Structure formats: C-alpha cells, structure tokens
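Read the structure below first, then the notes.
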Amino acid sequence: MVGDTRLSKKAGYIHDRLQVLGRLSAESCALLDALGASLHELTVLTAPIHCRATALTQAQRNISAANAAVDELLDNLDTSRRVQAVLEAGPGKDLDGFLDSLGQLERSNAYLMQHAGMAAVRAAVQHSQLLFNRALEQCDADFKASLAAGARAAAPPAAWLRSKLEVPITDASRGELCLELVPPGLLPKLRRMVGLMITAQYAPAQQGYTALRERALQQALQELGLELQPAAAVALMSSEQLDKHIRAWHTQLRLITLLMLSEQRLAEAVWPEPVGRELFAALVQPHLAALAAAGQDIVQAHKAPEKVFSLLDMHRHLAASLPALQAMLAASSSMVPLLGQLQALLAAAAAAAAGLFAEYAESVARDGAKVLPMDGTVHPLTAQVLSYLKRLLGYENAAQVMYGDMQESEDNYIGDVSGWAAAAAAGDEAQQQPGSSGGGADGSSSPARRALAAGIARLLMQLQDNLEAKSRAYKNEAIAALFMMNNVHYVQWSVEGSAALGLLGGEWLERHKDAVEDWGARYHELTWLPIINMLKAEPPSDVSRLKLVLKETFAAFNAAIERIYTHQSGWTIPDAMLRGAVKRVIKDDLLGTYQAFMRRYADVQFTAHPAKYIKYAASDVASIIDDDLFETKAVSMSKLSLTKEKLGAIG
C-alpha cells in the first residue's frame, strides 16, 4: 500500500511538470513567431538599401577596371614613342636594349590589334607596325652583316680543305673535320636575333642566312677550282677530259660532304629546331642534286674501256660519303628523295662498270690489229689487257661493286657463268687453302667473286684466241709458236703475281703453264727437231754414198745454223728465266746429238777440204745459242763473216 501511494505521488509530480513544460513551449513558439514577424518587417525595410549598396560596389569595380584598361591602352599606345629612339639607333649600338625594345613593341602591337576597332588605336597600330617592321629590317641587316663578317673571319683555308678531302668521315674524325664557321663569341648574339625574328615570323632572315651560306659554299668550290660541266659538254668530252671531269666530281662530292659537317653545326647552333634542320637541308640540296645529275651524265657518257676505273672510283667515293650524308640528312623529309637518287647513282655506277668490263672483253675478242711484233715478243694487246686486269684488281671490292647484287641463280653482267665454272671453282678452292692470296671481305665463294672470276677467265681466253688468230699471219711457223709462247707466258706470269690468281686458281695456272710448254715444244719441233732428226738419221752402208750424205748433212747443218742465227738473233724471249729454259732445252737436245754425230764420223775421210763442211764445233753452236738467239739482234747474211770470230771454223 505504501509503495502504491509513493508511486501515485511521483506520477502526479511528473504530470505537473509536463504541464508546465507544455506551457513554456507554447510561450516560446509565440515569442519566435513574433520575432519572425519583426525580422520580416526589418528585411522589407532594408531591401532598398542593400540594392543601392550592391550597385555602388559594382560601379566602383567597373570604374577601377576601366581605369586600368585605359591606363594599359594608353601605355601600349605610348610604347612606340618610348622605344622609337632605341629602335631607330639600331642593334649595333645597344643590342640588349634594341632587342628588349623590339620585344616590347611586338607585345604592344599584339595588344593593340585586339582593340583595332577604335579609330585612334588603328592609327597607332599602323605607326607601331611600321616602326616594328623597320626595326626587324634593321635586325635582319645586322644579323646578316654580323654573320658575313664572322664567316669571313673564320672561313676555312683552301689548303686545309685540300688536306682533309681524303680523310674518312667517321664519328672519331668529326671533331677534326668540323670547323667553327663563325667565331664562338658571336653565336649568342645571332641566336638572340634569330629567336626574335622567328617569333615575329620574319621570313627574310631565313632566306638571307641561306643566301650567305650559299655564297660561302660557292667560294670554297671556286677556290679549289671545281666546276661541273653540263650534260651536253660531258657527252662531247674525250676520254681524258671525261676522266678529269670525273675527278672533279669526286673532289666536289668530298668537299660538299666535308663542308656539310660544319654547316650543320652552324645551323643547329644559330637556329632552333626544326628551322635549323630545314635551312641546312635547303642549303645543301641544290649542290647534292647537281652532283646526282652530273653523276648520271657521267654514267651515261660515251663508253671507253678505261672508264670502268673512273666509275669504280666514283662508286668508292660515293659509297664512302653516303653514310655521312644519310646521318646528316635522313631526319629531313625533303631530302629523302635526293638520298634515294644518290643510292640509285651508286647502283648505276656499279652496273655501268660491270657493263664496260663485259664490253671490254668483247672488244679484245674483236681486236683486228694486223701489225705483229717482228721479234715475236709480247703483243701490245696482251700487255694492255694484263695491265687493265692488274688495275681492275687493284680495287679490293671490284667484285662486290660490279656483281654484288647477283644471286646464285642469276646470270652475271658478262653472260652465263656456267661456261666458266671450272675457272671460278678453281679460284674458290685456291681461296680456301691456307695462305692463298687474293682473299676479300666479300667472301671467296660469293656469287660476285665467281662472276668476276668467270669474266676474267673469259677475257683471257678471248685474248688467247685472238692472239692465235694473229699468229697465223706470220709466214714462219716457228716465230708464230714463239710469239704464242711469249704471250701465254706473260699472261701466266702476270696472273701468278697478282690477285687474279686468287680468283682463277691453281688449276687455271697449271693449264697455262702447260700451254707455255706446248708452244715452246712447238717452236722446238719446227726449228730444231728437223736438224736433230737429220743428225740422227741412219747412214747408208755404201761408202761412196756415205761421203755424199755427210757432205750434204754438214752443208745442211751449216745452212740451218746460219739461217737460225740470221733470223732468230732478231727474235726475243723477254722473260730471262723462260729464255734460259728454252736455250737449255735446245742445247740439251742439239749439242749432244751434234757431238755424237761428230764423234761417229770423225774418222771418215769424206772430203779433201773438211773446213769447207765442218764449220762449227759444239762450243760454237753453244755460243750462238747462249749469246745470240732471242737477243733481238738485227743480223744480215753479210755479217756471217763473224764466224771467224764467233763460230770457230775447223780446218
């Protein structure tokens, strides 16, 4: 009961408090409503004041902005007046002030152009732009004058250029070959002026730079006396003139490539990219295009056998210059076609050289010269062909140049290789032997080397066939054989001591040594074998007949010796070793037989006057062979009185 009473009291207490709280809440709401109504009345009253204040603030801001714009406009309008004196004085007096003033004027002009709708601004812009253009012209003039003066001071001497023409252009040699074309202290000034003129898009500056450097290139060419002839003049040139023209072409190519190193450095130092690269390309493009066109004129000019060497030289110089040219110009898209033309010229020179070699081989086969050496020595055609080959093989990469594009299945420039496979294969085998000569970087078994070997083998075979045809014009078969022996030996000897052996091989060499022996044997058979057979002939058994035969034999022997002495003393074997070998064979075969003949019939009294028939002892015959045969002596029959001195008549 007590607990219920306390609980009832507490509940009543809480109820009272809740009623009080409810009254307080109702009063607060009424108060807030009153305050809200008052605030609304205040807002309504202050709204006009706020609008007027906002408008005043914005107006003040607009006035400030207008004042700033007017001040900026007036300042830019006044820029031309402020900088006019400095600009009219030019860059020579105060370069920094001139360039700063020109920069200010350029910025002012750009600002004023945005307000060109105002009449006053339009007039100011015209004046400012005129002043700006005059200043740019002055800047350009000073730029060109400074560049020209600097170029004159640092121009490379002609003697230096000549001394460096043959130096290969490599990464290691670039520092040696690359010159400062203007004094280094001038470059900052040039770069500042160039930067301003490029920003102003002043194109005459680039044109002036190209013109100045073009004159410098032309002056260098003129100092070295280099001038390329037009195509019409090249077509009419003699072989000597064409050779001189090709040498001038080589020199100009080397000189242009050499100068390009320095020109590229200068262009990159003065002009920002890509302007410098394009100006450099525009500078050298006409010169390289002229060289490419002149090179094509040379390739297409009249064809003479010796021109192959000029073409190989041309190919060598162009191949040496192309890597440097590609490194300098490949980044310029405008130069890619020109580089392609130079590559095509390289291939055309190689093809023309191969074609000329083939034509030379055919000309040797067709050579119809009728004049023969009366002494049976080496024919001028033989000497000329071997000299030609020696010079050709002096070019280490001749095979790769002329036939480097060949494939295994292709015919070469001289015709089908299959007919000459033996010579080429022999050359390959010789190359593979340790210590063999004639090796090359292009590989001993390459199609190019086999093609060149085939061409040389064919040329020498055509030479030999032509010589055989010429030898038939000799009325004496013995000198014809001697003539062929001398010529084939000269070919064999020349090949043996040259790089051609590495191409033709040992088998070819042995065949030609055998041919020399065969022609020597033919000479021996025609000249000496009849005498030897006569001395070896069996005598008749009848004594009276024997005496007559001995008289006839001695008379015939004497006549043969005198005839041989008379004619063959005027013949020659130019090679001392071959001459000695031929004489040894003659003495070995003849003297023993003659001595045996003399001993066999020494006791036969076949005549009352033996000195009339037995004129020559074996030693006398040996003396004739050793001292007189093949010595190119002009001996007539009247000079046979020398027999008393040389031939030792036997009484």
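If you count the sequence shown from 1, position 57 lands on 57 in the working numbering, and the numbers rise without skipping. For each residue, glycine too, the CB sits at the ideal point set by N, CA and C. Note that the structure is a prediction, hence the values are computed from the model and not measured.
Have a look at the DSSP bridge pairing and note the partners of residue i.
i    : result
E631 : T572
Is the beta carbon of residue i less than 8 Å from the beta carbon of residue j?
i    : j    : result
L165 : L258 : yes
L226 : T251 : yes
A205 : F280 : no
D465 : A383 : no
V182 : A154 : yes
A473 : K370 : yes
D627 : W528 : no
L526 : S569 : no
H567 : K470 : no
L150 : L186 : Here the sequence assigns Gly to residue 150, which means Leu is not the residue at that position. Yes.
K547 : Y613 : no
A555 : Y523 : no
Y616 : N558 : yes
V270 : L190 : yes
M335 : Q285 : yes
R277 : A354 : no
W249 : L221 : no
P138 : P168 : The sequence given here has Gln at residue 138, not Pro. Against a cut-off of 8 Å, the Cβ pair of P168 and Q138 comes out as no contact.
A352 : L311 : yes
S239 : L393 : no
A203 : D297 : no
M314 : I246 : yes
H317 : R215 : no
L329 : L463 : no
Quick one: what's got a C-beta closer than 6 Å to residue i's C-beta in the same chain, skipping five residues either side?
i    : result
L147 : L212
A348 : V299
E223 : A158
S8   : none
If I follow the unbroken alpha helix (DSSP H) through residue i, where does it start and stop?
i    : result
L389 : P380 to L393
H315 : K307 to L329
M237 : It is not in any alpha helix (DSSP H) - M237 carries neither H nor E in the DSSP assignment.
T210 : P204 to E223
E468 : P447 to S471
L181 : Neither: L181 is in no alpha helix (DSSP H) and is coded neither H nor E.
G276 : V275 to Q300
L161 : A158 to K164
A200 : No alpha helix (DSSP H) contains A200, which DSSP labels as neither H nor E.
A399 : A398 to Y403
Using C-beta distances below 8 Å, list every residue in its chain close to residue i, excluding the 5 sequence neighbours before and after it, in chain order.
i    : result
L325 : T257, M260, L288, L339 and L342
L452 : A398, A399, M402, Y403 and L503
A468 : First, the residue type needs correcting, since residue 468 is Glu and not Ala in the sequence shown. Closer than 8 Å at Cβ, skipping near neighbours: M484.
Where does residue i fall in DSSP's three states?
i    : result
G497 : coil
W528 : coil
Q343 : helix
D657 : In this structure the chain extends from 1 to 651, so residue 657 is not present and cannot be described.
R192 : helix
F557 : helix
I169 : coil
D692 : With the chain covering 1 to 651 only, the question about residue 692 has no answer from this structure.
L226 : coil
A30  : helix
S614 : Note that residue 614 is Ile in the sequence shown here, rather than Ser. In the structure shown, I614 sits in coil (DSSP, three-state: anything other than H, G, I, E or B).
F606 : coil
G506 : helix
W271 : coil
P652 : The shown model of the chain, from 1 to 651, leaves out residue 652, and the question about it has no answer.
S332 : coil
E176 : helix
T251 : helix
S541 : coil
G376 : coil
Y601 : coil
Y474 : coil
Apart from the five residues on each side of it in sequence, which residues of its chain come closer than 7 Å, Cβ to Cβ, to residue i?
i    : result
T593 : I532, L535 and K536
I479 : G376 and W571
A11  : none
N486 : G376, T377, V378, I573 and P574
L509 : Q492, V495, E496 and L501
S363 : P305
Compute every distance between the C-beta of residue i and the non-hydrogen atoms of the ligand ZN, then say whether any falls below 7 Å.
i    : result
R247 : By its list of ligands, the structure shown contains no ligand whatsoever, and the ligand ZN lies outside what it can speak to.
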